[in-house]
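Below: one structure, written as structure tokens.
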Amino acid sequence: MPDDRQTIDDLVNRGLLDQWYAVAKSVQVRPGKAHAVKALGRNLVLWRDEAGTLNCLEDYCPHRGARLSRGEISGDNISCRYHGVTLNGAGTIVRVPAMPGCALEGRRAVESFPVAESNDAIFVYFASGAHPKPLPLILPEEFTDPQWTGILCVSPWACNYRYALDNLVDPMHGSYLHANSFTLAFGAKQDQMRIERTATGFTVARVEQHNKNFDWTEMVTEAAAPYCRLDIPYPAAAGPGGPFRIIGFTTPVDEGNCIVFFWRMRKASGLPREVWRFLYRAKLEGRHWDVLEQDREMLVNMPPDARKREMLYQHDVGVARVRQALVNKAKAQLAAHETARTRTAV
Numbered sequence: 343m344p345d346d347r348q349t350i351d352d353l354v355n356r357g358l359l360d361q362w363y364a365v366a367k368s369v370q371v372r373p374g375k376a377h378a379v380k381a382l383g384r385n386l387v388l389w390r391d392e393a394g395t396l397n398c399l400e401d402y403c404p405h406r407g408a409r410l411s412r413g414e415i416s417g418d419n420i421s422c423r424y425h426g427v428t429l430n431g432a433g434t435i436v437r438v439p440a441m442p443g444c445a446l447e448g449r450r451a452v453e454s455f456p457v458a459e460s461n462d463a464i465f466v467y468f469a470s471g472a473h474p475k476p477l478p479l480i481l482p483e484e485f486t487d488p489q490w491t492g493i494l495c496v497s498p499w500a501c502n503y504r505y506a507l508d509n510l511v512d513p514m515h516g517s518y519l520h521a522n523s524f525t526l527a528f529g530a531k532q533d534q535m536r537i538e539r540t541a542t543g544f545t546v547a548r549v550e551q552h553n554k555n556f557d558w559t560e561m562v563t564e565a566a567a568p569y570c571r572l573d574i575p576y577p578a579a580a581g582p583g584g585p586f587r588i589i590g591f592t593t594p595v596d597e598g599n600c601i602v603f604f605w606r607m608r609k610a611s612g613l614p615r616e617v618w619r620f621l622y623r624a625k626l627e628g629r630h631w632d633v634l635e636q637d638r639e640m641l642v643n644m645p646p647d648a649r650k651r652e653m654l655y656q657h658d659v660g661v662a663r664v665r666q667a668l669v670n671k672a673k674a675q676l677a678a679h680e681t682a683r684t685r686t687a688v
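Here you go:
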């Protein structure tokens, strides 16, 4: 099974398990309101209990299948609007108001998902049967370093998430697709690429150019919450804080859609921090959305089978490496699933 290419490709396309995925902005889940999201093909509902703690269940009422996200928050629990069936954050039915003492009460009927919150985003863990307990959520050091400040940007893209990952490990496209942008119009249009292994993944970088354009990307692939890190040099007119750093997470929605979560960050504290955040909101944010839209428009118009017809060359070493990392993880997950299935059968 682990060597079946189609099985591996299907798993990668849907999204790997045993990982944390960003699914929403924190502000989207308001007190007293249910919020629906979709990730890895699963419909989920998020809500906060009375203490503000997040809960996440499959967006499905076990009574007749109605969407819980269309229901109401009842204290710490969520109630289906269709017949009032109420569940807690563990997915257990705690009340059937139309029939007090109903045998359904006390039954754990809906899957619950571990959920965490950090830096204005909500992360959900998708476990496999072989590894049901969540792995540690290790986030970028910039998220906890007080010297860094960031603003979260979230955008839905109508393409498979693998295209977004390919785009992030392709520094050369910056000199062409974004050549007319505020920050990516500089540097040479010819170069070679090199790959360097790291303890948690790899870095892909231009050989002859550094700190002039989008010249490198670090991919953290060997973690339970994979992400990328890259710097874009900023002119003095863009305010204090040095290079413009992007921390990016990519979440599969289904095989034809994804959501990208980009933290736009600079190393600034005190008054320079406030100056940069004001300048960003007042002037720079629109320019950055223009660049992001260039990426989105390019990727969503690529055919779904482009990977089967492409002709890669040296600049695509990062693309090849990130794809291999996904395949390796998929093989490991399928092997673990097969081992667990065999043990259960015995």
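With the first letter of the sequence shown counted as 1, position 332 gets the number 674 in our numbering; the numbers rise by one all the way through.
Each residue gets a CB set at the ideal place from its N, CA and C atoms; glycine is no exception.
Buried or exposed (CB count within 10 angstroms, at least 16 for buried), residue i
i, result
"K671", "buried"
"R433", "Per the sequence shown, the amino acid found at residue 433 is Gly instead of Arg. Buried, since its Cβ has 16 or more Cβ neighbours within 10 Å."
"D647", "exposed"
"W631", "exposed"
"I480", "exposed"
"P577", "exposed"
"D533", "buried"
"A547", "buried"
"F620", "exposed"
"M561", "buried"
"Q675", "buried"
"D508", "buried"
"A440", "exposed"
"G394", "exposed"
Test item: CB-CB of residue i and residue j under 8 Å
i, j, result
"P488", "S611", "yes"
"Y467", "P478", "no"
"A565", "E550", "no"
"L510", "T559", "yes"
"A682", "G471", "yes"
"R629", "M607", "no"
"V496", "K650", "no"
"T563", "V669", "no"
"G584", "Y569", "no"
"V365", "A381", "yes"
"L359", "A469", "yes"
Where residue i falls: helix, strand or coil (DSSP)
i, result
"R619", "helix"
"Q361", "strand"
"R504", "helix"
"H377", "strand"
"S368", "helix"
"V661", "helix"
"I420", "strand"
"E635", "helix"
"M343", "Unreliable placement is indicated for M343, whose pLDDT of 46 sits below 50; no coordinate value is reported for it."
"M561", "strand"
"N355", "helix"
"A541", "coil"
"S411", "helix"
"K609", "strand"
Cut-off 8 Å between Cβ atoms - residues of its own chain near residue i, not counting five sequence neighbours on either side
i, result
"W389", "V371, K375, A376, H377, L396, N397, I415 and I420"
"L654", "V661 and A662"
"H552", "W558"
"P575", "T525, F528, N553, K554, N555, P585 and F586"
Contacting residues, own chain, Cβ-Cβ under 7 Å from residue i (five flanking each side not counted)
i, result
"Q636", "L519 and H520"
"F300", "Absent from the model: residue 300. The displayed extent of the chain is 343 to 688, so no value can be given."
"S454", "C398, L399, G431, A432 and G433"
"A506", "W499, T592, C600, V602 and L641"
"C403", "L410, C422, Y424 and V427"
"W490", "E484, M607 and K609"
"R384", "E400"
Cβ-heavy atom distance, residue i to the ligand ATP, below 7 Å
i, result
"Y505", "For the ligand ATP, the structure offers nothing, since it holds no ligand at all."
Contacts around residue i, its chain only, beta-carbon distance under 6 Å, and the 5 residues preceding and following it disregarded
i, result
"I435", "L429, L446, E447, R449 and A451"
"Y424", "A408"
"P614", "P582"
"A567", "W362 and L479"
"D573", "P585 and R587"
"E538", "T545"
Proximity test, Cβ basis, 8 Å: residue i and chain E
i, result
"Q489", "As a matter of chain content, chain E is missing from the structure shown, which is built from one protein chain."
Three or more C-beta pairs below 8 Å linking the stretch 442–455 and the stretch 350–357
Three or more beta-carbon pairs separated by less than 8 Å are not found between the stretch 442–455 and the stretch 350–357, which leaves the two stretches without contact.
Below 8 Å, can you find three or more Cβ-Cβ pairs linking the stretch 579–596 to the stretch 495–507?
These segments touch.
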